[in-house]
Amino acid sequence: MGWYGDHVVPRIIDVACGAKTAPPLRRRVCAGLAGEVVEIGFGTGHNVPFYPPEVTSVDAVEPSDTGWRLAADRIRASSVPVRRGGRDAQVLPYEDDRFDAALSTWTLCTVPDPGAALAELRRVLRPGASLHFVEHGLAPDEDVRRWQRRLEPVNKRLLGGCHLTRRTVPLLTAAGFTIREVDFFYEEAAPRFLAADALGVALSP
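Under numbering that gives the first Met the number 0, the residues of the sequence shown are numbered 0 to 204, in order.
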């Protein structure tokens with residue numbers, strides 16, 4: 000996307016992901032994380048304040064240099080060591096069975112090949128490790144789905160490839176994860192076509 004994608008989109012996402020409705024969801028999705036964690040789609044670090052004390056380190060996978068720079072203050076303020084370990088969730092630079100847990104928040108909508116990213120997470124997670132996720136995707140109501148299908152091409156162009164109609168749980172199960180718990184809901188105070196969320200925990204076999 001050139002200059003717009005490199006410099007403007009990360010700033011738009013930083014503002015959107017800092018909405019006042021997001022912190023309670025971030026707190027929920029980060030609860031229970033422990034040990035060495037890999038976070039895909041780290042963005043500008045909005046999850047950092049919500050890492051539990053049981054987390055010993057976070058390897059952040061983030062393609063945007065601008066996003067990483069915008070995260071600097073949050074990283075410096077964190078008691079949990081955070082390092083940029085990679086740029087592409089589809090090709091993770093880690094050995095097999097490396098991590099105790101993974102975190103993905105509003106990321107699978109934008110990864111070009113979410114199946115490849117989830118396969119990589121399975122590879123680098125230890126057996127039985129957990130993937131904590133909150134993702135937006137295809138709405139449960141057909142009237143909302145119609146708007147999602149209409150608006151998805153524009154949304155992808157404006158927001159760095161963000162899809163509106165991906166199905167989070169089928170993507171996870173197709174990659175071999177087992178869903179331990181999941182909650183489906185619309186975010187409050189947000190357009191429904193953007194805010195049909197799935198929040199939960201999946202286990203790596």
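Positions of the beta carbon are idealized from the N, C-alpha and C atoms, including for glycine.
Check whether residue i and residue j have beta carbons under 7 Å apart
{"i": "F41", "j": "R25", "result": "no"}
{"i": "V143", "j": "D196", "result": "no"}
{"i": "L102", "j": "E38", "result": "yes"}
{"i": "N154", "j": "T104", "result": "no"}
Buried/exposed call for residue i, threshold 16 Cβ in 10 Å
{"i": "T43", "result": "buried"}
{"i": "V54", "result": "buried"}
{"i": "H135", "result": "buried"}
{"i": "S78", "result": "exposed"}
{"i": "I11", "result": "exposed"}
{"i": "E94", "result": "exposed"}
{"i": "V14", "result": "exposed"}
{"i": "E61", "result": "buried"}
Which residues DSSP lists as bridging residue i, in chain order
{"i": "G34", "result": "V54"}
{"i": "G199", "result": "F132, V181"}
{"i": "A76", "result": "The partner list for A76 (beta bridge, DSSP) is empty, contrary to what the question assumes."}
{"i": "S103", "result": "I39, F132"}
{"i": "V81", "result": "V57"}
Where residue i falls: helix, strand or coil (DSSP)
{"i": "F49", "result": "helix"}
{"i": "P126", "result": "strand"}
{"i": "R144", "result": "helix"}
{"i": "G1", "result": "helix"}
{"i": "F98", "result": "strand"}
{"i": "A115", "result": "helix"}
From the options, residue whose alpha carbon lies closest to that of residue i
{"i": "A21", "options": "S129, E187, R156", "result": "E187"}
{"i": "L193", "options": "Q147, V110, R82", "result": "Q147"}
{"i": "A100", "options": "D5, F176, G1, F184", "result": "F176"}
{"i": "S56", "options": "A18, D72, R97, R27", "result": "R97"}
{"i": "G114", "options": "P9, E151, L171, L198", "result": "L171"}
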